[in-house]
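Asker: One structure, as structure tokens, below. Some questions next.
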Amino acid sequence: MTNAKPAEAAALHPILLFTLASFLLACSSTTDASGVQDQTLRMNQIQVLGTHNSYHIQPRERILELLAIFDSQETADSLEYSALPLEEQFDRGVRQLELDIFADPEGGMYATRRALILTDDDPVSGLPELDEPGLKVLHVQDLDFETHCLTFKVCLQQVKGWSDAHPRHIPITIMIEAKEEVIPDPLDLGFVTPLEFGPEEVADIDREILDVFPMERLIRPDDLRGDYDTLEQAVLDGAWLTLAEARGRVMFVFLNRSAARDHYIDGHPSLRGRVMFTNSDEGDPEAAWFNVNSALSDGERIRELVGAGYMVRTRADADTQQARDDDYTLQEAAFASGGQFVSTDYVVPIPDFGTDYFAEIPGGYVGRCNPISAPASCESDLIRP
């Protein structure tokens, strides 16, 4: 077969040009509409997927067996999960992380993993990052220490690297839990006693964040409060940043409800000058964000908080139970509650449990219109990831 004659080929050009022009116009219209929505839709009016213990790698099998013997099978079962690397989580649509940190101002406190004395493994890690001063990231000292990023700064650098490569992303929220708990040591292996987070240690959290992120890449209490007397007044008046203002930025939240939180607030009324928001109570001057784990038992409370303007994190699953049972009840309640952050241990299924359980935003979105707080005009299709 011969090629089309020049005249015939030329006749096709207007059709092709019209099709191309229509396609480009549709794309442009969608982009314009998305940009318009970004100018008015606020960051508390969307819902995103998060992960719990986002750094976590499942302990070695022999350690799980020992935990079942010396603690309980339930404890061992609750640790049987691994998170994806942080960058892969973001690629799959996660926009909220949780990091557990331990104070280690001199370095070396967590360089030896003493449970390995019982497993014929060398307890001395030999990892230079653990010998350096600075905050460390792990779940339980000496027992549950496998992690995708050994230090807080390395975790933050991974987040910033992904954010730099995707500068228009939906804002990322990172919850920080400062770990201080002493764990039982029934065999006298010499488990580490963590340092408490006093005034200097909580200030170190802010310092390490600012070592990685420039101020303009953060969403801080000062950015929200503006001229209001308290942070809570700003929240209740709907002053959260718009998506246009929040894109490409990161918000940190201090999860602790302990003396560490009091130290963080002390001298900083309404969190003036601080980097992180805090897990607070209604009526507190700094109240903006809440952690409410179960939408099954506290769904109405979550809806009331979200409706008032606060941010809420809740959970889709816990302690591996839902994944083992293929149970979506808690997850469905969490999404329906309007909690802005619904966190999971299962961005992808875990075949070892014999189920296909995983969590995702309804409709497959990275961010969707919040079912409680979003205006009726909000369109999830226009929320770019």
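So the working numbering is basically just the index in the sequence shown, starting at one, shifted up by 122. By construction, the Cβ of each residue, glycine as well, lies at the ideal position given by its N, Cα and C atoms. Computed from a predicted model, the values in this text were never measured in an experiment.
#1: May I have the straight-line CA-CA distance separating proline 128 from aspartate 154, to the nearest angstrom?
#2: Assuming isoleucine 341 contacts proline 308 (C-beta within less than 8 Å), just tell me the rounded distance between them.
#3: By the DSSP assignment, the alpha helix (DSSP H) with cysteine 277 in it spans what residues?
#4: Enumerated in chain order, which unbroken segments of the beta strand (DSSP E) with a length of 3 residues or greater are wholly contained in the region 449–479?
#5: How would you label isoleucine 576, buried or exposed, when you count the other beta carbons within 10 angstroms and need 16 or more for buried?
#6: Check valine 357 in the structure and name its three-state DSSP category.
#7: Sorry if obvious, but does the Cβ on aspartate 503 come closer than 7 Å to a heavy atom of the ligand ZN?
#8: Hey, would you say tyrosine 203 sits closer than 8 Å to cysteine 277, going by beta carbons?
#9: For isoleucine 137, I'd like the list of residues in its chain whose CB is within less than 8 Å of its CB, leaving aside the five on either flank, ordered along the chain.
#10: Below 8 Å, can you find three or more Cβ-Cβ pairs linking the region 207–225 to the region 236–255?
#11: Report the three-state DSSP secondary structure of methionine 373 (helix, strand or coil).
#12: Check whether the region 321–334 touches the region 370–386, taking contact to mean three or more Cβ pairs, one atom from each stretch, closer than 8 Å.
#13: Does the distance from the C-beta atom of aspartate 264 to that of valine 304 stay below 8 Å?
#14: Note down the Cα distance separating proline 497 from valine 488, rounded to an integer number of angstroms.
#15: I need the boundaries of the alpha helix (DSSP H) containing leucine 238, first residue and last residue.
#16: Tell me whether the region 165–182 and the region 456–474 touch, counting them as touching only if at least three CB pairs, one residue from each stretch, are closer than 8 Å.
#17: Quick one: what's got a C-beta closer than 8 Å to leucine 147's C-beta in the same chain, skipping five residues either side?
#18: What does a CB cutoff of less than 7 Å around valine 262 pick up in its chain, not counting 5 residues either side in sequence?
#19: In whole angstroms, give me the CA-to-CA distance for glutamate 268 and arginine 182.
#20: How many whole angstroms separate the CB atoms of arginine 437 and asparagine 401, which I take to be in contact at a CB cut-off of 8 Å?
#21: Output the distance between the C-alpha atoms of glutamate 501 and threonine 364, rounded to the nearest integer angstrom.
#22: How big is the Cα-Cα spacing for phenylalanine 480 and aspartate 243?
#23: Per DSSP, what kind of secondary structure is alanine 143 in: helix, strand or coil?
#24: Using DSSP's beta-bridge definition, name the partner residues of methionine 433.
#25: Considering only their Cβ atoms, is the gap separating glycine 312 from arginine 235 smaller than 8 Å?
#26: Alpha carbon to alpha carbon, how far is glutamate 404 from arginine 184?
#27: Roughly how many angstroms separate the alpha carbons of alanine 225 and valine 216, rounded to a whole number?
#28: Does DSSP classify asparagine 401 as helix, strand or coil?
Answerer: This is what the structure gives:
#1: Here proline 128 scores only 44 on pLDDT, less than 50, and its place in the model should not be relied on; the value that follows carries that caveat. Taking the straight line joining both Cα atoms gives about 38 Å.
#2: Not confirmed; about 44 Å, so no contact.
#3: 274–287
#4: 463–466
#5: This structure gives no information on residue 576, because the portion of the chain shown stretches from 123 to 507.
#6: helix
#7: The ligand ZN is absent from the structure shown, which contains no ligands of any kind.
#8: no
#9: Because the pLDDT at isoleucine 137 is just 46, under 50, the model does not fix this residue reliably, and the value given afterwards should be weighed accordingly. Around isoleucine 137: no qualifying Cβ.
#10: no
#11: strand
#12: yes
#13: no
#14: 18 Å
#15: Premise fails: leucine 238 is in no alpha helix (DSSP H) and is neither H nor E.
#16: yes
#17: Per-residue confidence for leucine 147 stands at a pLDDT of 41, beneath the threshold of 50, marking its modelled position as unreliable; the derived number appears in the next sentence. Excluding sequence neighbours, leucine 147 sits near nothing in its chain.
#18: Ile305
#19: 9 Å
#20: Incorrect: roughly 14 Å between the Cβ atoms, too far for contact.
#21: 15 Å
#22: 33 Å
#23: Its pLDDT being 44, under 50, alanine 143 is placed unreliably in this model, and the value from its coordinates should be taken loosely. Correct three-state label for alanine 143: helix.
#24: Trp411
#25: no
#26: 45 Å
#27: 27 Å
#28: strand
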